[in-house]
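Heads up: the first sequence at position 425 corresponds to 424 in numbering that gives the first Met the number 0, and the numbers run straight through without jumps.
Data block below; observations after.
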Amino acid sequence: MIDIRLIRENKEMVKENIKKKFQDSKLPLVDEVEKLDIELRQLKLEGDNLRQERNTISSEIGSLMRDKKLEEANSKKLEVVEINKKLQTIEEKEEKINQEIKSKMMLIPNIIDESVPIGKDDSENVEIEKFGEPIVPNYEIPYHADIMEKLSGLDKESAGRTSGNGFYYLMGDIARLHEATIAYARDFMINKGFTYCIPPFMIRGDVVNGVMSFAEMDSMMYKIENEDLYLIGTSEHSMIGKFKGELIDEKELPITMTSYSPCFRKEVGAHGLEERGLYRVHQFEKQEMVVLCKPEDSMDWYNKMWQFTVEFFRSLDVPVRTLECCSGDLADLKVKSCDVEAWSPRQKKYFEVGSCSTLGDAQARRLGIRMKTESGNQFLSTLNNTVIASPRALIAIIENNYQEDGSIKIPKVLQQYMGGKEKIEKKYI
RNA sequence: GGAGAAAUACCCAAGUCUGGUUGAAGGGACCGGUCUUGAAAACCGGGAGGUCGGAAACGGCGCGGGGGUUCGAAUCCCUCUUUCUCCGCCA
Numbered sequence: 000m001i002d003i004r005l006i007r008e009n010k011e012m013v014k015e016n017i018k019k020k021f022q023d024s025k026l027p028l029v030d031e032v033e034k035l036d037i038e039l040r041q042l043k044l045e046g047d048n049l050r051q052e053r054n055t056i057s058s059e060i061g062s063l064m065r066d067k068k069l070e071e072a073n074s075k076k077l078e079v080v081e082i083n084k085k086l087q088t089i090e091e092k093e094e095k096i097n098q099e100i101k102s103k104m105m106l107i108p109n110i111i112d113e114s115v116p117i118g119k120d121d122s123e124n125v126e127i128e129k130f131g132e133p134i135v136p137n138y139e140i141p142y143h144a145d146i147m148e149k150l151s152g153l154d155k156e157s158a159g160r161t162s163g164n165g166f167y168y169l170m171g172d173i174a175r176l177h178e179a180t181i182a183y184a185r186d187f188m189i190n191k192g193f194t195y196c197i198p199p200f201m202i203r204g205d206v207v208n209g210v211m212s213f214a215e216m217d218s219m220m221y222k223i224e225n226e227d228l229y230l231i232g233t234s235e236h237s238m239i240g241k242f243k244g245e246l247i248d249e250k251e252l253p254i255t256m257t258s259y260s261p262c263f264r265k266e267v268g269a270h271g272l273e274e275r276g277l278y279r280v281h282q283f284e285k286q287e288m289v290v291l292c293k294p295e296d297s298m299d300w301y302n303k304m305w306q307f308t309v310e311f312f313r314s315l316d317v318p319v320r321t322l323e324c325c326s327g328d329l330a331d332l333k334v335k336s337c338d339v340e341a342w343s344p345r346q347k348k349y350f351e352v353g354s355c356s357t358l359g360d361a362q363a364r365r366l367g368i369r370m371k372t373e374s375g376n377q378f379l380s381t382l383n384n385t386v387i388a389s390p391r392a393l394i395a396i397i398e399n400n401y402q403e404d405g406s407i408k409i410p411k412v413l414q415q416y417m418g419g420k421e422k423i424e425k426k427y428i
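Below is the structure:
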């Protein structure tokens with residue numbers, strides 16, 4: 000949600016931004032909002048005048064009652080009744096127009112950063128930089144699910160029976176490797192000065208509405224029956240929701256947090272579930288970074304944050320690249336975003352393992368998260384980024400460390416989390 | 001789950017019984033000064049309070065959220081949320 004003042008003062012810029020995102024059908028919204036906004040302010044003025052009149056007369060009635068001039072007071076009361084009738088129709092209109100403006104404003108995309116490459120869809124996303132040599136070994140890398148199954152580390156069949164498609168059992172060393180990467184990610188971010196957080200894994204409906212659109216909510220969130228509770232799709236939901244309606248002293252900024260949570264996603268729509276593997280599933284675990292900062296610092300944090308993820312994967316010896324989201328592929332709330340993609344030596348291409356976004360003040364505006372500065376209160380900036388999401392990241396780690404004999408070499412930094420183990424190999428029982 | 005108490009501005013807090021110059025007292029924090037080598041403490045002085053409309057004057061709204069009663073609600077009623085105390089239950 001952008002500041003409506005942008006439409007009052009610079010609507011051409013807002014329109015230009017919509018064009019950059021190839022959402023021309025939304026262009027009329029800008030003029031519509033502008034018109035409604037003028038109408039609303041007019042109504043507000045009329046209403047305020049009536050309310051002022053009512054307040055004045057009411058306090059007059061008060062003094063008359065004290066002086067026991069009951070008749071005069073009663074006739075004044077009738078005047079106020081008349082005013083209230085008029086007010087009622089105005090207030091109804093006000094409410095209606097207000098809602099209309101709000102729903103239209105929700106559809107107008109956030110102003111993207113000028114550095115964002117222009118493009119229609121994800122095919123026009125731009126590779127920024129590669130880190131590490133994408134190695135293709137001279138032996139074939141099997142499909143990740145097959146590798147895991149061979150090592151008795153994955154059971155999707157049983158999970159299908161207990162929970163359905165999109166669920167999985169991780170077993171033994173593979174399960175341990177999964178938790179090791181998350182534990183390592185946690186410590187990695189703590190060492191970067193982030194505060195470790197474990198948030199609620201369920202949130203109420205009003206918080207859900209604050210952090211995502213209705214469309215997203217439908218396609219992502221699992222609702223608990225007979226409760227006003229939803230399973231979170233990412234800890235960002237809980238972590239941003241935590242600050243809803245808060246006023247934070249600017250001296251306390253930036254707030255840098257790294258949160259762990261399981262994530263639950265329906266994955267209804269566009270992509271759907273992947274047949275066999277663990278790339279797209281209903282349940283995964285994630286170590287996240289969430290930053291609240293002053294607007295002027297947000298680009299610095301954005302750059303630091305995706306670099307942390309790159310550094311993280313490089314410390315696991317996984318080659319990665321950063322892919323910048325082009326204007327058309329950028330979600331409406333975002334100012335700028337990039338994916339960190341890991342190398343898949345099997346597919347001989349990169350695949351998404353994390354996503355770093357700066358939302359400017361859009362999310363803060365929606366949720367009323369402000370900072371207190373010497374020159375007054377203003378909305379702050381919010382950013383989020385994946386440190387690691389597993390089992391997706393497990394795919395990258397396993398493929399890049401797969402040995403010709405079918406074993407998996409455990410990256411050095413993870414060994415201490417695996418009881419000193421250096422490789423995972425099949426146990427013959 | 002049961003019973004009670006509470007929620008007031010950045011923080012603390014009066015007002016709620018008895019609705020009407022309280023559209024929010026008083027503090028603290030904040031700013032200026034005296035004192036001090038400097039600071040703290042103490043004392044003196046000061047403006048603003050959140051938000052919306054307005055160039056401004058000014059005005060609207062705002063006392064946890066949402067409804068209601070009333071000419072008028074921080075104050076009365078309903079409802080939801082949260083916190084605290086006690087009881088019950090349970091990893």
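We treat Cβ as the ideally placed atom computed from N, Cα and C, and that holds for glycine.
For Thr-372, the three-state secondary structure derived from DSSP is strand.
When the alpha-carbon of Lys-243 is set against those of Gln-87, Ile-3, Ile-202 and Asn-109, the nearest one is in Ile-202.
Pairing Phe-200 with Ile-231 gives a Cβ-Cβ distance under 8 angstroms. Taking 8 angstroms as the upper bound for CB-CB distance, Ser-380 and Ser-297 are in contact here, some 4 angstroms apart.
For the pair Thr-308 and Val-210, the CB atoms are not nearer than the 8 angstroms cut-off. Between Pro-27 and the set Asp-248, Lys-14, Glu-128 and Glu-38, the nearest pair of CA atoms involves Lys-14. If you look at Asp-205, you'll find it in the alpha helix (DSSP H) that goes 204–210. Taking C-alpha positions only, Leu-35 is separated from Val-29 by approximately 10 angstroms.
Look at Leu-382 here: in three-state DSSP terms it is strand. Under the DSSP definition of a beta bridge, Arg-320 partners with Lys-129 and Glu-340. Between the region 16–23 and the region 103–118, the count of C-beta pairs closer than 8 angstroms reaches three or more; the two stretches touch. Counted as a single uninterrupted DSSP element, the alpha helix (DSSP H) harbouring Val-79 occupies residues 69–106. Bounds of the alpha helix (DSSP H) holding Ser-297 are 297–314. In the pairwise beta carbon analysis, the region 411–421 is classified as touching the region 170–182: at least three pairs are separated by under 8 angstroms. Ile-181 is positioned such that its CB atom lies no closer than 8 angstroms to that of Ser-326. Put simply, the backbone Cα of Pro-116 is about 29 angstroms away from that of Met-238. Close CB contacts of Tyr-278 within its chain, under the 7 angstroms cut and outside five residues either way in sequence, are with Arg-391 and Ile-394 (chain order).
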